[in-house]
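J.: Numbering (our numbering), first residue to last: 5 to 91.
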């Protein structure tokens, strides 16, 4: 679920700079799309926004398939590390 990953996104922010809400919004949008395999309708529902809004965010932040793949790769690496630690 997205909510669990919000803290991770926040921790990636460099606190020596001002908090970048636009970058946070972009990463959250990418994460929602990734978690829902690119399904915009499901991603929008998970973020509690209209489907049209997710389309606007994709255009606004120039989100590409490459962005989604990169987030997926990072998420898989993290999951692999957690699973190895548990075992």
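Glycine included, every Cβ here is placed at the ideal spot set by N, Cα and C.
For residue 52, which option in 23, 64 and 36 has the closest C-alpha, if you only look at C-alpha atoms?
T.: Closest by alpha carbon: 36.
J.: How would you write the range of the alpha helix (DSSP H) that residue 57 sits in, first residue to last?
T.: Its alpha helix (DSSP H) spans residues 55–64.
J.: Pull up the CB-CB distance for residue 48 and residue 54, whole angstroms please, since I reckon it's below 8 Å.
T.: Indeed they touch by this definition, with Cβ atoms about 6 Å apart.
J.: So, under 8 Å CB-CB, residue 67 and residue 33 are touching, yes? Tell me the CB distance rounded to an integer number of Å.
T.: Contact holds; Cβ gap of about 6 Å.
J.: Alpha carbon to alpha carbon, what distance is there between residue 25 and residue 43?
T.: Distance between the alpha carbons of residue 43 and residue 25: 24 Å.
J.: Report buried or exposed for residue 64, applying the criterion of at least 16 other Cβ atoms within 10 angstroms of its Cβ.
T.: Flag for residue 64 reads exposed.
J.: So the alpha helix (DSSP H) residue 67 belongs to, where does it begin and stop?
T.: Run containing residue 67: none; DSSP gives neither H nor E here.
J.: Under three-state DSSP, which class holds residue 43?
T.: Three-state result, residue 43: coil.
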